[in-house]
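Undergrad: Here you go, one structure.
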Amino acid sequence: MVVFMFYKLFPIKYYEVVLREAQGVDPLLVMALIKVESGFREDAVSAAGAIGLMQLMPSTASWLKERFKLDGDIRQAEDNIAFGLFYLRYLSNLYDGDLEKALAAYYVGPSRVNDFEREAKNYVKKVMSYYKIYKTLYFWLGWGNEDHQR
């Protein structure tokens with residue numbers, strides 16, 4: 001009974017788009033990130049103005065559109081996930097595959113990681129703890145067994 005409660009608390013949603021857009025990122029990490037960022041609420045808007053499932057700032061989306069010629073509307077779930085994953089991969093490459101630094105930068109922005117070190121550490125700790133839960137619950141999917149992380 002308790003196990004079923006965990007599956008309800010840590011769901012797998014939007015898996016088709018996540019699998020399509022993952023490109024080297026473990027889909028279970030993406031589930032943990034979305035759970036932390038928005039609780040899987042497509043219409044989530046933070047006090048700072050971050051939008052959607054992966055809580056992207058409009059300025060970040062505009063930068064991604066200009067710099068990398070991405071197309072889409074971050075208010076739409078699929079586009080939000082695509083932009084969020086592209087940005088996470090960009091940050092992972094920027095930090096030479098250091099997942100914790102990439103997550104911290106995702107949360108506070110690459111230029112502000114050192115200014116918000118404690119806040120960023122707490123965020124990374126939460127995402128990583130949710131990621132561990134997702135890997136424990138969904139090990140049978142085999143997603144975490146592949147080399148998804150760069």
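No gaps in the numbering here: position 123 of the sequence shown is 123 in UniProt numbering, and each next residue is one more.
Virtual Cβ for every residue (Gly too), placed ideally from N, Cα, C.
1. Starting from GLY84, trace the alpha helix (DSSP H) both ways and give me its first and last residue.
2. Let me check understanding here. Comparing Cα to Cα, which of VAL18, GLU42, SER92 lies closest to ARG75?
3. If you follow the alpha helix (DSSP H) that PHE40 is part of, which residue opens it and which one closes it?
4. I need the DSSP call for GLU21, collapsed to helix, strand or coil.
5. How is ASP147 classed by DSSP in three states: helix, strand or coil?
6. Do you know how far the Cα of ALA44 is from the Cα of GLN55?
7. Helix, strand or coil for LEU9 per DSSP?
8. Taking 8 Å as the cut-off, decide whether the C-beta atoms of PRO11 and TRP143 are in contact.
9. Between ASN93, ALA50, ALA32, which has its C-alpha nearest TYR130's C-alpha?
10. Specify the secondary structure class of ILE51 as computed by DSSP and reduced to three states.
11. Tell whether a beta-carbon distance below 8 Å holds between TYR90 and LEU103.
12. Output the residue ranges of the alpha helix (DSSP H) runs that lie fully inside the region 95–120 and measure 4 residues or longer, sorted by chain position.
13. How many Å lie between LYS126 and SER62 at the Cα?
14. Are the beta-carbon atoms belonging to LEU99 and ILE81 less than 8 Å from one another?
15. Any idea if ALA22 is buried or exposed, counting beta-carbon neighbours within 10 angstroms, 16 or more meaning buried?
TA: Per the coordinate set shown:
1. The sequence position of residue 84 within the sequence shown is 84, counting from 1. Unbroken alpha helix (DSSP H) run through GLY84: 77–94.
2. By 1-based counting over the sequence shown, the position of residue 75 is 75. When C-alpha distances from ARG75 are compared across VAL18, GLU42, SER92, the shortest belongs to GLU42.
3. The residue labelled residue 40 in the question sits at position 40 within the sequence shown. Taken as a continuous stretch (DSSP letters only), PHE40 belongs to no alpha helix (DSSP H), as it is neither H nor E.
4. Counted from its first residue, the sequence shown places residue 21 at position 21. Collapsing the DSSP output to three states places GLU21 in a helix.
5. Counting from one through the sequence shown, the residue named residue 147 turns up at place 147. Because ASP147 carries a pLDDT of 45, less than 50, the predicted location of this residue cannot be relied on, and no value is offered for it.
6. Here residue 55 refers to the residue found at position 55 of the sequence shown. Here residue 44 refers to the residue found at position 44 of the sequence shown. Answer to the nearest angstrom: the Cα atoms are 7 Å apart.
7. For the purposes of this step, residue 9 is identified with residue 9 of the sequence shown, where counting begins at 1. In this structure, LEU9 counts as helix in the three-state DSSP scheme.
8. Numbered from its first residue, the sequence shown carries residue 11 at position 11. Numbered from its first residue, the sequence shown carries residue 143 at position 143. In terms of Cβ geometry, PRO11 and TRP143 do not form a close pair [threshold 8 Å].
9. Looking up residue 130 in the sequence shown gives position 130. The shortest Cα separation from TYR130 among ASN93, ALA50, ALA32 belongs to ALA32.
10. Against the sequence shown, residue 51 aligns to sequence position 51. Strand, per DSSP.
11. Counted from its first residue, the sequence shown places residue 90 at position 90. Counted from its first residue, the sequence shown places residue 103 at position 103. Not a contact, by the Cβ cut-off of 8 Å.
12. 99–108, all fully within the region 95–120.
13. As a working note, residue 126 is residue 126 in the sequence shown. As a working note, residue 62 is residue 62 in the sequence shown. Computed Cα separation, rounded: 28 Å.
14. Position 99 of the sequence shown, counted from the start, is the residue given in the question as residue 99. Position 81 of the sequence shown, counted from the start, is the residue given in the question as residue 81. Contact: no.
15. The residue labelled residue 22 in the question sits at position 22 within the sequence shown. Around the C-beta of ALA22, 16 or more other C-beta atoms lie within 10 Å, and the residue is accordingly described as buried.
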